[in-house]
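Residue numbers (the working numbering), protein chains in the order written: chain A, 1 to 308; chain B, 1001 to 1280.
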C-alpha cells in the first residue's frame, strides 16, 4: 500500500522507534568556532549503538543571547540505552573532548522540571580538578538553585553545570529516500536533514545525518551482529532474492533521527520527507521497521505527514 | 496581591519591636485583629494599632499579602523579620533587624536600613535603596552561620562586618562598604561596586565563597595570595544575573573584565576567593 505526495510514491509503512535515554548539553565557548569544534569532537564515532558507546550529534548552534553565559553555543544531544549507558559516555566524551577544548563551558540543556532523571555529570567531572575544583552555587533561597563546578585547567577554568537532565527519548526515527540518481537522492537527503534540524530536540547521529549503508539485524557471518540493508541495495537488486528496490531507483539513502520525544521525531520526519520530495528525481519514500516486533514506537509515515 | 497599609503615628522614644509587620503575621486576620497584634516597647507589650494607622485589605494567603509602611520608621525594629513569603514595602527608612532571619518573600526599603538588616537571612530578597548599617546579613553573636540563602541588594553604602559568617546566598552592595566585609565567610557571594575597606575576607574558609570587588580596594590582607589575573567564565553568569534578575545595569560593564584572583585566608587554611576587577 502506498500513497502519493507531490508526485512521489510514499509507502504506507512505519519507522520503528526504540526507547533510549537522551540528554542535551549546551557547550559554549569564546566564539562559534570553538563551540563547534568541541561539539563535533564530542559527537565523533557516535552514529549507532551497534558499535559505538552512544549515539550523539549536534542539535543546533545557539546564539549568545540564548546561552547561560552569553557566549556562542552549540547544543549536543546524546543517547544511550540506559541511564548508566548514557552517563558513562557523556562523562567520557565531555572529559576528553570538551574539558580539553580551549575556552569551553558546559550547561544542562534539559531543565530539571522536564527531565525524568538528573545525572551527576559535572559533579563527576570535578575530580579532574584533583582537589582544586571549586563548587559554585547560584540562586540559593531566592532563585532556582543551580550548582556548577569550576575546574582549574591550564588555560583558565572549565565551568561545568553539576547535573544534567536525562529524558526517556526515542531513537530510530527514519525514512529512506529512493531516487533515480545519486545526485538527486543525495540532494533530497541533504534538504531533509536541513528541514529536520528546524525541529528542536532532534538529533541526527549519522554522518551529515545520513546513513547510506542502512542496516539490518544479523548477517550470514556469526561474528557480525549487523550488516548492510541488502534488500535496499540497488547494486544487487536483481541479485538479491527479496530486493525491495523498485524499478528506476538507483540510489537509496536512509535518513536517521533520534528525538527527545515521539512527537518531535514524528514532526521532524514529516518535515524531512516534505523537503525531500521537492527534489526532482526522488521516486519513492519508505521507512525501515522490524514488523513492529522490536521497537516500542511505530511512527507511521501517513500519520506523520497528516495524510488521511 | 492584597495591600495592607500601615501609616506611622507618633513613635515613642524607645524603639518599637514590630516583627508582626510581616505577611505571615497578618494574613487571614481581620483589620481589628491586625491592629491588636502585639509589639514591644522596651519590656512593655503594646498593640500595633497604637503606633500605626492600619487600613487596606488582608489576604487569606500570606503569599498574596503586600504590606506597605508608608512613612519613615527608623526606630521600628524587626520589620519583616522571619517572613517566609509575600511582600513588604517600607516607603522610607527602617530600624534595626529589618528582614532578620527571613526565609522567603521580598522586603523593599526605599530609604536606608539600620544595623543587622537581614541578619541570618535564609531566603527571599531584601532590597535597600539607600544605605545599610553594620552587620548586614551577618551572624548574630555566637552563631556559627550567618546568611544561609537569599539575596540582599543595597543601592547605597554599608557599614562594617557585612556578610560575617556568610554560608550561602548573595549580597550586592552598589556603594562603598566598611571593614571586615565577609569576615569568617564560608560560602556565598558578595559583590561590591564601590570602595571596599580594609580586612575583607578575614578568616574566610572558602567553600566556594567569594568576594567580587568591582571598585576600589583599600587594602587586602597579606594572608590572601595572588594566583592569577584572568577572565573567569563563571563571573559572566553572576554578572548577567545581576543585570537580568536584579536590574543592576552596571554589571554589564564588567562582562569582559579581567579579575585578579586572590586566595585565602591562608591564616586559617582557607580557600576563599577575592576577585578584584582590573581597571582598564
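The beta-carbon is built from N, C-alpha and C at its ideal position, and this holds for glycine as well.
What is the DSSP secondary structure of residue i, counted as helix, strand or coil?
i: residue 1062 of chain B; result: helix
i: residue 1275 of chain B; result: strand
i: residue 1235 of chain B; result: helix
i: residue 174 of chain A; result: strand
i: residue 1039 of chain B; result: strand
i: residue 169 of chain A; result: strand
i: residue 1227 of chain B; result: strand
i: residue 1188 of chain B; result: coil
i: residue 1093 of chain B; result: coil
i: residue 1044 of chain B; result: strand
i: residue 245 of chain A; result: coil
i: residue 1032 of chain B; result: helix
i: residue 236 of chain A; result: helix
i: residue 5 of chain A; result: strand
i: residue 1266 of chain B; result: helix
i: residue 179 of chain A; result: strand
i: residue 1016 of chain B; result: strand
i: residue 115 of chain A; result: coil
i: residue 199 of chain A; result: coil
Can you give me the start and stop residues for the alpha helix (DSSP H) that residue i sits inside?
i: residue 34 of chain A; result: 32–42
i: residue 272 of chain A; result: 262–276
i: residue 301 of chain A; result: 301–305
i: residue 186 of chain A; result: 182–196
i: residue 49 of chain A; result: Per DSSP, residue 49 of chain A belongs to no alpha helix (DSSP H) and is neither H nor E.
i: residue 1025 of chain B; result: 1023–1026
Between the options, which has its C-alpha nearest residue i's C-alpha?
i: residue 1261 of chain B; options: B:1209, B:1242, B:1247; result: B:1209
i: residue 1038 of chain B; options: B:1097, B:1185, B:1047, B:1225; result: B:1047
i: residue 217 of chain A; options: A:289, A:168, A:253, A:275; result: A:289
i: residue 100 of chain A; options: A:128, A:258, A:149; result: A:128
i: residue 1258 of chain B; options: B:1016, B:1214, B:1005; result: B:1214
i: residue 1024 of chain B; options: B:1159, B:1072, B:1088; result: B:1088
i: residue 1066 of chain B; options: B:1221, B:1239, B:1091, B:1249; result: B:1091
i: residue 1015 of chain B; options: B:1193, B:1164, B:1075; result: B:1075
i: residue 1152 of chain B; options: B:1160, B:1272, B:1173; result: B:1173
i: residue 272 of chain A; options: A:193, A:295, A:256; result: A:193
i: residue 322 of chain A; options: A:270, A:3, A:19; result: Nothing about residue 322 of chain A can be read from this structure; chain A reaches only from 1 to 308.
i: residue 43 of chain A; options: A:274, A:49, A:58, A:30; result: A:58
i: residue 1022 of chain B; options: B:1113, B:1233, B:1217, B:1058; result: B:1058
i: residue 204 of chain A; options: A:183, A:274, A:46; result: A:46
i: residue 1158 of chain B; options: B:1181, B:1169, B:1218, B:1212; result: B:1181
i: residue 109 of chain A; options: A:102, A:103, A:119; result: A:119
Along the beta strand (DSSP E) that carries residue i, what are the first and last residues, could you check?
i: residue 258 of chain A; result: 251–259
i: residue 84 of chain A; result: Note, residue 84 of chain A: premise wrong, no beta strand (DSSP E); alpha helix (DSSP H) at 83–93.
i: residue 1008 of chain B; result: 1002–1008
i: residue 1053 of chain B; result: 1052–1056
i: residue 1106 of chain B; result: 1103–1109
i: residue 76 of chain A; result: 73–80
i: residue 105 of chain A; result: 105–108
i: residue 222 of chain A; result: Here residue 222 of chain A belongs to no beta strand (DSSP E), and DSSP marks it neither H nor E.
i: residue 20 of chain A; result: 14–28
i: residue 1193 of chain B; result: First-last for residue 1193 of chain B: undefined, no H or E at that position.
i: residue 309 of chain A; result: It is not possible to answer for residue 309 of chain A, since the shown part of chain A is limited to 1 through 308.
Complete runs of the beta strand (DSSP E) confined to the region 1152–1182 of chain B [at least 3 residues]: Restricted to the region 1152–1182 of chain B, the beta strand (DSSP E) segments that are unbroken, complete and at least 3 residues in length are 1168–1173, listed in chain order.
Where the region 127–138 of chain A meets chain B: residues whose CB sits under 9 Å from a CB there: 132, 134, 135, 136, 137, 138
Using a beta-carbon distance cut-off of less than 8 Å, what residues from the region 1238–1261 of chain B approach chain A? So the list reads 1238, 1240, 1241, 1245, 1255, given in the order they occur along the chain.
Of all the residues that make up the region 15–46 of chain A, which are near chain B by a beta-carbon distance shorter than 7 Å? none
In chain order, each beta strand (DSSP E) run of at least 3 residues that lies wholly inside the region 119–156 of chain A: Listed in chain order, the complete beta strand (DSSP E) runs (minimum 3 residues) inside the region 119–156 of chain A are 134–138, 146–153.
Unbroken alpha helix (DSSP H) runs of length 4 or more, entirely within the region 1104–1150 of chain B: which are they? none
Cβ-based contacts, 7 Å cut-off: residues of the region 84–109 of chain A near chain B: 105
Taking only beta carbons into account, state which residues of the region 1108–1126 of chain B come closer than 9 Å to chain A, listed in chain order. 1121, 1122, 1123, 1124, 1125
Against chain B: residues of the region 61–77 of chain A by CB proximity under 7 Å: 68, 69, 70
Check distances from the C-beta atoms of the region 1226–1238 of chain B to those of chain A and list, in chain order, the residues that come in under 8 Å. 1230, 1231, 1232, 1233, 1234, 1236, 1237, 1238
Cβ-based contacts, 7 Å cut-off: residues of the region 1158–1183 of chain B near chain A: 1168, 1169
Return the residues of the region 144–157 of chain A that lie within a Cβ-Cβ distance of less than 8 Å from chain B, sorted by chain order. 148, 150, 156, 157
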